[in-house]
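Heads up: the sequence shown at position 193 corresponds to 193 in the UniProt record's numbering, and the numbers run straight through without jumps.
Let me begin by presenting the structure, written as structure tokens, before commenting on it.
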Amino acid sequence: MKYTRAESLDRIESTIESGDPVIGAGAGTGISAKFAERGGVDLLIIYNSGRYRMNGRGSLAGLLPYGDANEIVVEMGHEVIPVVEDTPVLAGVNGTDPFREMSVFIEDLRRRGFSGVQNFPTVGLIDEDSSYRKNLEETGMGYDKEVEMIREASEQGMLTCPYVFTEEQAKAMTEAGADVIVSHMGLTTSGDIGAETALDLDDAAERVQAHHDAAKEVRDDVHVICHGGPIAWPDDAKYVLNNTEGVVGFFGASSIERLATEEAIEDQARKFKDIDF
Numbered sequence: 001m002k003y004t005r006a007e008s009l010d011r012i013e014s015t016i017e018s019g020d021p022v023i024g025a026g027a028g029t030g031i032s033a034k035f036a037e038r039g040g041v042d043l044l045i046i047y048n049s050g051r052y053r054m055n056g057r058g059s060l061a062g063l064l065p066y067g068d069a070n071e072i073v074v075e076m077g078h079e080v081i082p083v084v085e086d087t088p089v090l091a092g093v094n095g096t097d098p099f100r101e102m103s104v105f106i107e108d109l110r111r112r113g114f115s116g117v118q119n120f121p122t123v124g125l126i127d128e129d130s131s132y133r134k135n136l137e138e139t140g141m142g143y144d145k146e147v148e149m150i151r152e153a154s155e156q157g158m159l160t161c162p163y164v165f166t167e168e169q170a171k172a173m174t175e176a177g178a179d180v181i182v183s184h185m186g187l188t189t190s191g192d193i194g195a196e197t198a199l200d201l202d203d204a205a206e207r208v209q210a211h212h213d214a215a216k217e218v219r220d221d222v223h224v225i226c227h228g229g230p231i232a233w234p235d236d237a238k239y240v241l242n243n244t245e246g247v248v249g250f251f252g253a254s255s256i257e258r259l260a261t262e263e264a265i266e267d268q269a270r271k272f273k274d275i276d277f
């Protein structure tokens with residue numbers, strides 16, 4: 001483990017004390033990680049959707065049976081961790097994976113240089129009222145497994161930054177030892193493969209605040225940042241941060257690597273095509 005939980009938290013708290021937002025960035029490739037780090041992000045997160053996203057597929061591909069999510073994260077770690085110079089790297093862990101002894105897997109991630117974890121893929125993205133979600137919960141593959149994964153990682157001294165979708169989940173993850181609660185507003189909008197169905201920014205800010213308040217009821221030292229849905233661009237994140245109290249940052253995956261890549265590559269290609277000779 002490159003950075004202990006205490007070291008990672010010191011960096012986060014130093015950022016907060018300086019008045020800057022805490023920014024986490026998803027990294028689906030080594031080049032995404034390298035240049036997000038140069039841009040000054042505080043955390044880098046690797047999870048299987050990053051690979052799908054940077055291969056031109058929607059991020060929800062990470063929730064479908066297209067590959068072994070936890071093994072993909074290990075593979076991606078080989079690509080990303082060696083090019084990162086001075087930023088904690090977190091692993092997106094599929095906590096519901098029934099084929100891994102989670103305590104052993106977390107220990108292996110520590111050995112491989114990961115400094116923390118996040119719960120992804122997460123069943124939290126599946127509608128709680130749907131039969132599919134209910135069946136997952138009933139058959140031992142529910143959100144409670146993700147909570148227990150976060151608890152295990154916390155006990156092993158890793159930084160824990162779980163996604164939550166409800167106030168109850170915010171409380172449960174905080175009770176399990178979460179250091180940074182990531183208030184998830186759903187699949188990110190905008191761009192070529194972004195979602196079209198999402199909350200508006202005012203509703204998102206209200207929900208983020210509710211998650212923040214629920215987490216703080218459990219433990220005052222927990223930090224809360226926002227992610228996803230309509231919070232796609234820097235101005236969106238600024239709006240939510242300015243319309244909430246106590247929320248200290250933003251985690252961008254599609255927002256930082258996919259949207260920037262889509263625009264930059266298309267624009268660069270057009271500039272070459274516009275050459276006069």
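We treat Cβ as the ideally placed atom computed from N, Cα and C, and that holds for glycine.
Keep in mind that this is a model prediction, so the values were computed, not measured.
**Three-pair Cβ contact test at 8 Å for the region 132-142 versus the region 86-100** = Contact annotation: the region 132-142 touches the region 86-100, with at least three C-beta pairs closer than 8 Å.
**Prompt:** In the structure shown, what three-state DSSP assignment does Thr174 receive?
**Reply:** Reduced to three states, the DSSP call for Thr174 is helix.
**Message:** For Ala269, report the span of its alpha helix (DSSP H) as first-last.
**Reply:** Annotation: the continuous alpha helix (DSSP H) that includes Ala269 extends over Leu259 to Lys273.
**Request:** Evaluate Gly19 with the Cβ neighbour count: other Cβ atoms within 10 Å of its Cβ, from every protein chain shown; 16 or more gives buried, anything less gives exposed.
**Result:** Within a 10 Å sphere around the beta-carbon of Gly19 sit fewer than 16 other beta-carbons, which makes this residue exposed.
**Request:** Output the boundary residues of the alpha helix (DSSP H) element that contains Gln118.
**Result:** Annotation: Gln118 is outside any alpha helix (DSSP H); the continuous beta strand (DSSP E) that includes it extends over Gly116 to Asn119.
**Request:** Keeping to the same chain, check which residues put their C-beta closer than 7 Å to that of Phe165; ignore five residues upstream and five downstream.
**Result:** Only Gly124 and His184 meet the Cβ criterion.
**Asked** Taking the Cβ atom as the reference point for each residue, do Ser130 and Lys2 lie within a distance shorter than 8 Å?
**Response** Their beta carbons are not under 8 Å apart, which means Ser130 does not touch Lys2 by this criterion.
**Request:** Kindly provide the ranges of any alpha helix (DSSP H) runs that are 4 or more residues long and lie completely inside the region 119-164, ordered along the chain.
**Result:** The alpha helix (DSSP H) runs of length 4 or more contained entirely in the region 119-164 are, from start to end of the chain, 131-138 and 143-155.
**Alpha carbon of Asp10 to alpha carbon of Asp42, nearest angstrom** = Rounded to whole angstroms, Asp10 to Asp42 spans 11 Å at the Cα level.
**Asked** For Gly186 versus Ile150, is the C-beta spacing smaller than 8 Å?
**Response** For Gly186 and Ile150, no; Cβs fall outside 8 Å.
**Message:** Please list the terminal residues of the continuous beta strand (DSSP E) segment that includes Gly24.
**Reply:** Val22 to Gly26 is the span of the beta strand (DSSP E), which, as asked, contains Gly24.
**Asked** Thinking C-beta only, is Val247 closer than 8 Å to Thr174?
**Response** Val247 is positioned such that its CB atom lies no closer than 8 Å to that of Thr174.
**Asked** Where are the beta strand (DSSP E) runs, 3 residues long or more, that stay fully inside the region 89-115, in chain order?
**Response** 89-93, all fully within the region 89-115.
**Asked** Would Pro121 pass as a contact of Asn48 if the rule is Cβ separation under 8 Å?
**Response** Yes.
**Message:** Suppose contacts are defined by Cβ-Cβ distances below 8 Å. Is Ala214 in contact with Ala170 by that definition?
**Reply:** Taking 8 Å as the Cβ cut-off, Ala214 and Ala170 qualify as a contacting pair.
**Prompt:** Could you give the residue range of the alpha helix (DSSP H) that holds Gly77?
**Reply:** Residues Ala69 to Val80.
**Message:** Please report the straight-line C-alpha distance between Tyr132 and Glu17, rounded to a whole angstrom.
**Reply:** Going from the Cα of Tyr132 to the Cα of Glu17 covers about 43 Å.
**Request:** State yes or no: is the C-beta of Ile256 within less than 8 Å of the C-beta of Ala25?
**Result:** For Ile256 and Ala25, yes; Cβs fall inside 8 Å.
**Prompt:** Taking C-beta to C-beta, are Val22 and Gly249 nearer than 8 Å?
**Reply:** Cβ atoms of Val22 and Gly249: closer than 8 Å.
**Message:** For Gly50 and Gly28, which I take to be in contact (beta-carbon distance under 8 Å), what is that distance rounded to the nearest angstrom?
**Reply:** Correct: roughly 3 Å between the Cβ atoms.
**Asked** What are the boundary residues of the beta strand (DSSP E) that includes Ile45?
**Response** Note, Ile45: beta strand (DSSP E), Leu43 to Ile46.
**Request:** Whole angstroms is fine: what's the gap from Met76's alpha carbon to Phe35's?
**Result:** Cα to Cα, Met76 sits roughly 16 Å from Phe35.
**Message:** Going by DSSP in three states, Ile193 sits in which element: helix, strand or coil?
**Reply:** In this predicted model, Ile193 has a pLDDT of only 46, less than 50, meaning its place in the structure is not dependable; the value taken from the coordinates is given anyway. Secondary structure at Ile193: coil, using DSSP grouped into helix, strand and coil.
**Request:** Could you tell me if Gln268 is buried or exposed, where buried requires 16 or more neighbouring beta carbons within 10 angstroms of its beta carbon?
**Result:** Around the CB of Gln268, fewer than 16 other CB atoms lie within 10 Å, so the residue is classed as exposed.
**Asked** Is Glu37 buried or exposed, if buried means 16 or more other CB atoms sit within 10 Å of its CB?
**Response** The residue in question, Glu37, is buried, as its Cβ has 16 or more Cβ neighbours within 10 Å.
**Ile225 - partner residues in DSSP beta bridges** = Within the DSSP bridge table, the entry for Ile225 names Val182 as partners.
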